[in-house]
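Residue numbers (the UniProt record's numbering): 1 to 151. Every residue gets a Cβ at the ideal spot worked out from N, C-alpha and C, and that includes glycine. Note that this is a predicted model, so its numbers are computed, not measured. Note sheet for the following structure.
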């Protein structure tokens with residue numbers, strides 16, 4: 001499909017729904033809503049932001065971290081989720097997939113069977129979306145690197 005210039009049309013047709021989540025505040029609200037629906041007993045999230053430094057080149061589209069700080073003699077751990085800024089401009093389904101992935105890390109640190117079962121619980125077509133996201137990123141990369149025809 002890529003070689004026949006059909007992949008872009010296929011992806012656009014399959015994932016036509018866009019989203020309006022463009023700010024860190026909106027992303028935090030979106031992630032918190034998903035967490036409250038599926039992971040009520042998981043650790044609280046202190047911060048969810050779009051990160052311009054996360055890219056496919058760095059093999060990270062999202063990060064889930066716990067930042068430990070000493071506050072008045074007590075050790076406090078703050079949970080942060082960072083989502084690659086490229087998801088501001090992807091179809092809604094791909095943003096949901098990456099947020100679900102990072103939320104699942106609140107309960108399961110490793111990419112094991114329990115982790116993927118949790119992802120499937122929160123997003124029943126998780127595996128298909130993860131695959132299609134990889135296809136989408138491959139397509140993006142291919143058209144970005146496609147030589148232009150000059151006259």
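How many whole angstroms separate the CB atoms of residue 46 and residue 14, which I take to be in contact at a CB cut-off of 8 Å? 35 Å between Cβ atoms; not a contact.
Whole-angstrom C-beta distance between residue 27 and residue 48, which should lie under 8 Å: 5 Å
Tell me whether the beta-carbon of residue 87 lies closer than 8 Å to the beta-carbon of residue 95. yes
Which residue or residues does DSSP assign as beta-bridge partners of residue 71? 74
How would you write the range of the beta strand (DSSP E) that residue 141 sits in, first residue to last? First-last for residue 141: 126-144, but that is the alpha helix (DSSP H), not the beta strand (DSSP E).
Given that a residue counts as buried once 16 or more other Cβ atoms are within 10 Å of its Cβ, and exposed if not, what is residue 118? buried
Considering only residues of the same chain and omitting the five flanking positions on each side of residue 143, which have a CB-CB separation below 8 Å? 8
Along the chain, where does the alpha helix (DSSP H) containing residue 94 start, and where does it finish? 92-104
Residue 89 - DSSP class collapsed to helix/strand/coil: helix
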